[in-house]
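Heads up, the sequence shown is in my numbering, so the first residue is 5 and it goes up one at a time. Input: a single structure, listed below in structure tokens.
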Amino acid sequence: MPGPAADRLPGTRTPEPGRPVKRFLLRGRRLLHSLGLRWKIAVLLAAGCSLVALTIGVLIHEARSDQVADAARKSALAQLVRVRQVYELTGQLDFDKVGEADARLDCPGLPEPLRQAALAGQRTTYLDLHGPHPAVWAARPVGGDQVLSVRQSLAEEQSELWELDQKLMAFGVVVVTLAAIGGAALASRLSKDLRSAAETARRISTGELDARIGPSGVPGTRNEVAELSAAVDTMAASLQRRLVAEQRFTADVAHELRTPLTGLHTAAELLPPGRPTELVRDRVAALCSLTEDLLEVARLDGDREVAQLDVHALGPLVEAVTRRSGVEAQVLGAADGTARVRTDVRRLERILTNLLVNARRHGGGPITVTVAGNTVTVRDRGPGFPEALLRDGPQRFLTGATERGQGTGLGLTIALGQAHVIGARLALTNPAPTGAAATLTLPPA
């Protein structure tokens, strides 16, 4: 006869699967900051696939566990019904097994929650699928104070679940590995295009205006990197056109001014002596100097200057250039400056003369020229270079600050350009406590 409704007592539970994943994500996030774009994309794609694979694996595992549990509970209840029928017909259990289940009266190994439920008049089951000895129990009361129970081993079912978990893990590793490889391949292409764009931008910033990124990606497809490359190329072409137009304008203006200035200079020489004549000749000389500076800037901008390099002793050369410049300056270290450098004497004299004139015009005395190894430092005790000049470099027709005096701003521009021609490096600083310093580093012989 049917007994009470079959209730289910909870067995052992598996640990929460999401907690290890959270720890893994926290550790992985700390490593992303030290990785490049390619590896970041690959790691993120692999992490996403890992989460998907883990979620699917957990769902499949739980679904299969529920199926095994339901089947085991039904089988145990069916065995319990057959055992009860035999017991009611014979009044005893003269066998240890009925079918595949172990049948017992008041079994000492019966789980206590199941025993209490059976004594309370319930027919119920107890499932232990994750313990060391997986089994399903079914029990019901008989004879008032006795408990009839059956136990069915679930070792095969546990082994089946373990094999299923192994297969899911293997498939997950394969999927994540393929995803990481595919993500690394795609990200490698993207990273290569971005590096190419960055390298081209750096080349353009150093003055190589003909540098272009060129087309990237598959033609006819929507590609954000290709759009960025096209935008950079368009910007570079526009910048090149503007700079070339500016250089051409400067050269044309300077060239057109030479003819009338030559005539004006000749006419000034024919004027009778006197103070007005001196003023005219001074202004004409200034205009001629400015015109020559503009032509020199135009040649430097057009990369048409070629240095005639030779080996020279730096100390005596700097001393001679300082003396010829007409600027009152103290030369330090020239006697000990026996270092030999490879340079163009005419261009080096042009650089040092401009630096000395700039120090006299815009700085304050005393002016010192220090030779140390293959470096020459021109220093004054004036207000120092403006911050904008130190940050952005010399700008033509811009002197930067009123306290530095008046000028065209071409002296430092020419010095910097000539230093580039001879392979030297010119650094501008404001050393403490006051003053400005221009340090020229020449290539050794």
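We treat Cβ as the ideally placed atom computed from N, Cα and C, and that holds for glycine.
query = How many angstroms separate the CA atom of THR342 from the CA atom of ASN378?
reply = Answer to the nearest angstrom: the Cα atoms are 9 Å apart.
Nearest candidate by alpha-carbon position, reference GLY369, set ILE208, ALA440, ARG327 and SER54 = Of the listed residues, the one whose Cα sits closest to GLY369 is ALA440.
request  = Decide yes or no for the touch test of the segment 177–188 against the segment 134–153: beta carbon pairs closer than 8 Å, at least 3 of them.
outcome  = With contact defined as three or more Cβ pairs closer than 8 Å, the segment 177–188 and the segment 134–153 are not in contact.
inquiry  = Give me the DSSP bridge partner(s) of LEU109.
reply    = Here LEU109 is bridged, per DSSP, to LEU152.
task = Give a yes or no on contact between the segment 274–287 and the segment 313–322, applying the rule of three or more CB pairs nearer than 8 Å.
result = These segments do not touch.
key: Contact set for VAL102: own chain, Cβ-Cβ below 8 Å, skip 5 residues either direction   = Residue confidence for VAL102 is low, a pLDDT of 43 falling below 50, so the modelled location carries little weight and cannot support an answer.
request  = May I ask you to verify whether the segment 411–428 touches the segment 289–304, counting CB pairs closer than 8 Å and requiring at least 3?
outcome  = The segment 411–428 makes contact with the segment 289–304, as at least three CB pairs between them are under 8 Å.
request  = Just mark VAL257 as buried or exposed, buried being the case when its beta carbon has 16 or more other beta carbons within 10 Å.
outcome  = VAL257 comes out exposed.
query = Under a three-way DSSP split, which group does GLN312 fall into?
reply = Collapsing the DSSP output to three states places GLN312 in coil.
query = Taking Cβ to Cβ, would you say SER464 is nearer than 9 Å to ILE217?
reply = With the chain covering only 5 through 449, there is no way to say anything about residue 464.
message = On the DSSP letters alone, give me the boundaries of the alpha helix (DSSP H) that ALA436 sits inside.
response = Taken as a continuous stretch (DSSP letters only), ALA436 belongs to no alpha helix (DSSP H), as it is neither H nor E.
ask   = Is it buried or exposed for VAL47, if we count other Cβ within 10 angstroms and need 16 for buried?
value = Looking at its Cβ environment, which holds 16 or more other Cβ atoms inside 10 Å, VAL47 is buried.
inquiry  = In whole angstroms, give me the CA-to-CA distance for VAL373 and ASN358.
reply    = About 13 Å.
ask   = Going by other Cβ atoms of all chains shown within 10 Å of its Cβ, with 16 needed for buried, is ARG206 buried or exposed?
value = The residue in question, ARG206, is exposed, as its Cβ has fewer than 16 Cβ neighbours within 10 Å.
task = May I have the straight-line CA-CA distance separating ALA436 from GLY386, to the nearest angstrom?
result = So the alpha carbons of these two residues sit roughly 11 Å apart.
task = Out of ARG303, GLU116 and ARG119, state which residue places its alpha-carbon closest to the alpha-carbon of VAL248.
result = Out of ARG303, GLU116 and ARG119, ARG303 has the C-alpha closest to the C-alpha of VAL248.
key: Three-way DSSP call (helix, strand, coil) for ASP132 in this model   = In the structure shown, ASP132 falls within a strand segment according to DSSP collapsed to helix, strand and coil.
ask   = What is the DSSP secondary structure of ARG206, reduced to helix, strand or coil?
value = Three-state DSSP puts ARG206 in a helix.
ask   = Alpha carbon to alpha carbon, what distance is there between ALA419 and LEU446?
value = Straight-line Cα distance between these residues: approximately 13 Å.
query = Is the beta carbon of VAL229 sitting closer than 9 Å to the one on THR204?
reply = Taking 9 Å as the Cβ cut-off, VAL229 and THR204 do not qualify as a contacting pair.
Three-state class that DSSP yields for LEU321 in the structure shown = The answer is helix: DSSP assigns LEU321 an H, G or I state.
task = Give the straight-line distance between the Cα atoms of ARG383 and VAL325, rounded to the nearest whole angstrom.
result = Cα to Cα, the separation comes out at about 16 Å.
task = Evaluate ALA215 with the Cβ neighbour count: other Cβ atoms within 10 Å of its Cβ, from every protein chain shown; 16 or more gives buried, anything less gives exposed.
result = Classification of ALA215: buried, given that the 10 Å Cβ count is 16 or more.
request  = Check whether the Cβ atoms of GLU323 and ARG351 sit closer than 9 Å, and answer yes or no.
outcome  = In this structure, ARG351 does not lie closer than 9 Å to GLU323 by Cβ.
task = Run through the segment 229–269 for me and flag every whole beta strand (DSSP E) of 3 or more residues, listed as ranges in chain order.
result = Inside the segment 229–269, DSSP marks no whole beta strand (DSSP E) run of 3 or more residues.
request  = State the DSSP-derived secondary structure class of GLN462, mapped to helix, strand or coil.
outcome  = A query on residue 462 cannot be resolved here, the shown segment of the chain reaching from 5 to 449 and no further.
message = How far does the alpha helix (DSSP H) with ARG364 in it extend, from its first residue to its last?
response = Note, ARG364: alpha helix (DSSP H), 349–366.
query = Buried or exposed: which applies to HIS137, given that a residue is buried once 16 or more other Cβ atoms fall within 10 Å of its Cβ?
reply = Answer is exposed; the Cβ neighbour count stays below 16.
key: DSSP beta-bridge partners of ARG383   = Beta-bridge pairing links ARG383 to THR372 and ALA441.
request  = Taking all protein chains shown into account, decide if ASP348 is buried (16 or more other Cβ within 10 angstroms of its Cβ) or exposed.
outcome  = Classification for ASP348: buried.
request  = Give the DSSP-derived three-state secondary structure of GLY409 in the structure shown.
outcome  = Note on GLY409: pLDDT 47, under 50, position unreliable in the model; no value is reported.
request  = Would you grab the beta carbon distance between LEU133 and GLN162 for me? Rounded to a whole angstrom, and I think it's under 8 Å.
outcome  = Right, the Cβ-Cβ distance comes to about 6 Å (below 8 Å), so this counts as a contact.
ask   = I think ALA76 touches LEU131, with their Cβ atoms under 8 Å apart; what is that distance to the nearest whole Å?
value = Right, their Cβ atoms sit about 6 Å apart.
request  = Could you give the DSSP three-state label for PRO145: helix, strand or coil?
outcome  = In the structure shown, PRO145 sits in a strand (DSSP, three-state: E or B).
ask   = Run through DSSP, which three-state label would PRO447 get?
value = Note: PRO447 maps to coil in three-state DSSP.
inquiry  = As a quick exercise: from GLU260, SER209 and THR266, pick the residue whose alpha carbon is nearest that of MET239.
reply    = Nearest of GLU260, SER209 and THR266 to MET239, Cα basis: SER209.
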